[in-house]
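Novice:
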Amino acid sequence: LAKTTQPISMDSYEGQEVNITCSHNNIATNDYITWYQQFPSQGPRFIIQGYKTKVTNEVASLFIPADRKSSTLSLPRVSLSDTAVYYCLGYGGSQGNLIFGKGTKLSVKP
Amino acid sequence: EPEVTQTPSHQVTQMGQEVILRCVPISNHLYFYWYRQILGQKVEFLVSFYNNEISEKSEIFDDQFSVERPDGSNFTLKIRSTKLEDSAMYFCASSSGTSGSEQYFGPGTRLTVT
Chain A
1 LAKTTQPISM DSYEGQEVNI TCSHNNIATN DYITWYQQFP SQGPRFIIQG
51 YKTKVTNEVA SLFIPADRKS STLSLPRVSL SDTAVYYCLG YGGSQGNLIF
101 GKGTKLSVKP
Chain D
1001 EPEVTQTPSH QVTQMGQEVI LRCVPISNHL YFYWYRQILG QKVEFLVSFY
1051 NNEISEKSEI FDDQFSVERP DGSNFTLKIR STKLEDSAMY FCASSSGTSG
1101 SEQYFGPGTR LTVT
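Chains A and D are the protein sequences, given in the same order.
Following our numbering, the numbering of the first sequence begins with 1 at its first residue and continues without gaps.
Following our numbering, the numbering of the second sequence begins with 1001 at its first residue and continues without gaps.
(1) If you pair each beta-carbon of the segment 1095–1109 of chain D with each one of the segment 30–42 of chain A, do three or more pairs fall below 8 angstroms?
(2) Can you name the residues of chain D whose CB is closer than 8 angstroms to the CB of A:N26?
(3) So, A:I33 versus A:G50, is the Cβ gap smaller than 8 angstroms?
(4) Below 8 angstroms between beta carbons: does that hold for D:L1021 and D:Y1090?
(5) Report the rounded CA-to-CA distance for D:F1049 versus A:P44, giving the unit in angstroms.
(6) Using a Cβ-Cβ cutoff of 9 angstroms, what residues of the segment 96–109 of chain A are near chain D? List them in chain order.
(7) What are the start and end residues of the beta strand (DSSP E) that includes D:I1026?
(8) A:R45 touches chain D at which residues, Cβ-Cβ below 7 angstroms?
(9) Starting from the N-terminal side, write out each stretch of the beta strand (DSSP E) that is 3 residues or longer and does not extend beyond the segment 41–66 of chain A.
(10) Buried or exposed for D:S1101, please, with buried defined as at least 16 other CB atoms from any protein chain shown within 10 angstroms of its CB.
(11) Considering only their Cβ atoms, is the gap separating A:S74 from A:F63 smaller than 8 angstroms?
(12) So with CB distances below 8 angstroms, who are the chain A contacts of D:E1001?
(13) State buried or exposed for A:N97, treating a residue as buried only when at least 16 other CB atoms are found within 10 Å of its CB.
(14) Counting only beta-carbon separations shorter than 8 angstroms, does D:E952 have a partner in chain A?
(15) Can you check which of these residues, A:Y91, A:V85 and A:I99, is closest to A:K105 by C-alpha distance?
(16) Could you compute how far the alpha carbon of D:P1008 sits from the alpha carbon of D:L1111?
(17) A:N26: which of A:P65, A:S12 and A:K69 sits nearest, CA to CA?
Quick look at the structure:
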């Protein structure tokens, strides 16, 4: 998952479902797909992780097609507090350091 | 919920001075990391630490940087002689496992070098 591509920014309105897609064409067989969230002046925070098909938790859903070359983070009914940068990323090195890209800046408007 | 803490929240120092940034990882975690984020840029990996030694380090982590786990709870990042370009937000993170394990980040220390 070394190189990922995701939109630089997205706008949404409160109550809408937001889908952010990430491309990771060079994903390795044993790579997990992981999404983090970062609010301004705060540390990144884990949202969700998956390997294939669909994963859902109390915050989001993650959809991964069979070829695993992309993934879609789905945030149901966003609120103003979901305004943040969302990162699709992978792990590097022998100890799994996170490799961050520029992420997608989501702006939720009232 | 357990959390990673960092002190100080903001450090201002003069160029050439030494700074030590402190972190208290989550108590049962074994893997520790430092990342930095220059204002407006992406989060960058600096170093990972396991079993009381550095596991991996990036090109950014040159001889001016060092890490230490002086006791069973603290994890520190030292910058020996700060440069203007070291100004950034420094995040400590910890996890219970390696690749695939959730990393818990602290709130960060904003370092300003003048």
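The beta carbon of each residue, even a glycine, is placed where N, CA and C say it ideally should be.
If you're wondering where the values come from, they're calculated on a predicted model, not measured in any experiment.
Specialist: Checking against the coordinates, here is how it stands:
(1) yes
(2) Within chain D, no residue comes near A:N26; the closest Cβ sits about 16 angstroms away, beyond 8 angstroms.
(3) yes
(4) yes
(5) 19 angstroms
(6) G96, N97, L98, I99, F100, G101, K102 and G103
(7) Here D:I1026 belongs to no beta strand (DSSP E), and DSSP marks it neither H nor E.
(8) F1105
(9) 45–50, 53–56 and 61–64
(10) buried
(11) yes
(12) Those within 8 angstroms of D:E1001 in chain A number zero; the least Cβ separation is about 11 angstroms.
(13) buried
(14) Given that chain D is displayed from residue 1001 to residue 1114, the structure contains no residue 952 of chain D and the question cannot be resolved.
(15) A:V85
(16) Counting only the Cα atoms, D:L1111 lies some 9 angstroms from D:P1008.
(17) Comparing Cα-Cα distances from A:N26 to each of A:P65, A:S12 and A:K69, the minimum goes to A:K69.
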